[in-house]
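In the working numbering, the protein residues as written are -4 to 297.
Glycine is no exception: its CB is placed at the ideal position from the N, C-alpha and C atoms.
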């Protein structure tokens, strides 16, 4: 069986046997694809994989710059993929069960300044329909704090331009309503003018489509964002726009509960991390402009 067919069967298994969500199935399938391609590069047969091979694979991933949280997700995916391989006779036992997930240390998310966000967005070439689409897409992601999966799965019926609202389907299949700003509205209107030329008369429910008129994929979003990084000189990830959205709202005075609802966090503790980011930025700004008032040399004046 080819890698493509194996991954397709695994994806179906995740949905029907393991009862995983569509997003988890997609994420696990992508992790399995990276692993299978690594086996090909290392000239290793799938049937003869050992736990030591898996450790070497994870070391390769770590040395590629992958963080601990992603490694933990990779291990979860490998355990699931291993269970599938055992059920279907490819493995006699699940070697991935011997892997221990690392305890991800709490690290503050990277956040861009408003100026950096503007530089990223301004770097998009809007002289083409796809450029207009990208500007509308990333304006909306930043304006609403969307996850990539939420942006690419957004349906036309859930986009309310005049009200400047979107109905988002997030983790756990939960829906939430999120407002967006004037800039996002303007670019969405511009995109909806050129979208018919991309879909070519076909009924495509998703808002954002590729040059073939099919729903835009997460990989397509990542690739286009990398082009923006190169053009603007701003180093970031797509998810950084979501982090920046939350931090900028808190810095502007919005309360934590409201930010939690906009982000779709089920636990307030998840949202609280952005208060630490804001405090860190305040401290760094204070040290920059008031170096004489640092902790080591605090002023004693009134």
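- Taking the Cβ atoms as the reference, residue 253 lies roughly 28 angstroms from residue 201, outside the contact range of under 8 angstroms.
- Under the three-state reduction of DSSP, residue 260 is assigned to coil, being neither helix nor strand.
- In this structure, the straight-line span from the alpha carbon of residue 258 to that of residue 133 is close to 16 angstroms.
- When DSSP states are grouped into helix, strand and coil, residue 143 belongs to the helix group.
- As a beta-bridge residue in DSSP terms, residue 150 pairs with 201.
- In the structure shown, the three-state DSSP call for residue 172 is strand.
- Of all C-beta pairs linking the stretch 232 to 251 to the stretch 185 to 194, fewer than three are shorter than 8 angstroms, placing the two stretches out of contact.
- Bounds of the alpha helix (DSSP H) holding residue 81 are 63 to 82.
- If you draw a straight line from the Cα of residue 230 to the Cα of residue 223, it comes to about 9 angstroms.
- One alpha carbon belongs to residue 121, the other to residue 182, and they sit about 10 angstroms apart.
- In this structure the stretch 209 to 221 does not lie against the stretch 103 to 113, because fewer than three pairs of beta carbons, one per stretch, are closer than 8 angstroms.
- In the three-state reduction of the DSSP assignment, residue 210 falls in the strand class, which pools E and B.
- Taking the C-beta atoms as reference points, residue 172 is found no nearer than 9 angstroms to residue 156.
- The residue among 58, 70, 261 and 52 with its C-alpha nearest the C-alpha of residue 169 is 261.
- For the pair residue 41 and residue 49, the CB atoms are not nearer than the 9 angstroms cut-off.
- Take the alpha-carbon of residue 136 and the one of residue 249: they are about 19 angstroms apart.
- Within a 10 Å sphere around the beta-carbon of residue 83 sit fewer than 16 other beta-carbons, which makes this residue exposed.
- For the pair of segments examined, the stretch 201 to 212 was found not to touch the stretch 68 to 85: the number of CB pairs separated by less than 8 angstroms stays below three.
- A residue is called buried once 16 or more other Cβ atoms fall within 10 Å of its Cβ, and residue 206, having fewer, is exposed.
- DSSP, read as helix, strand or coil, puts residue 164 in strand.
- CA-to-CA, the gap between residue 225 and residue 81 works out to about 43 angstroms.
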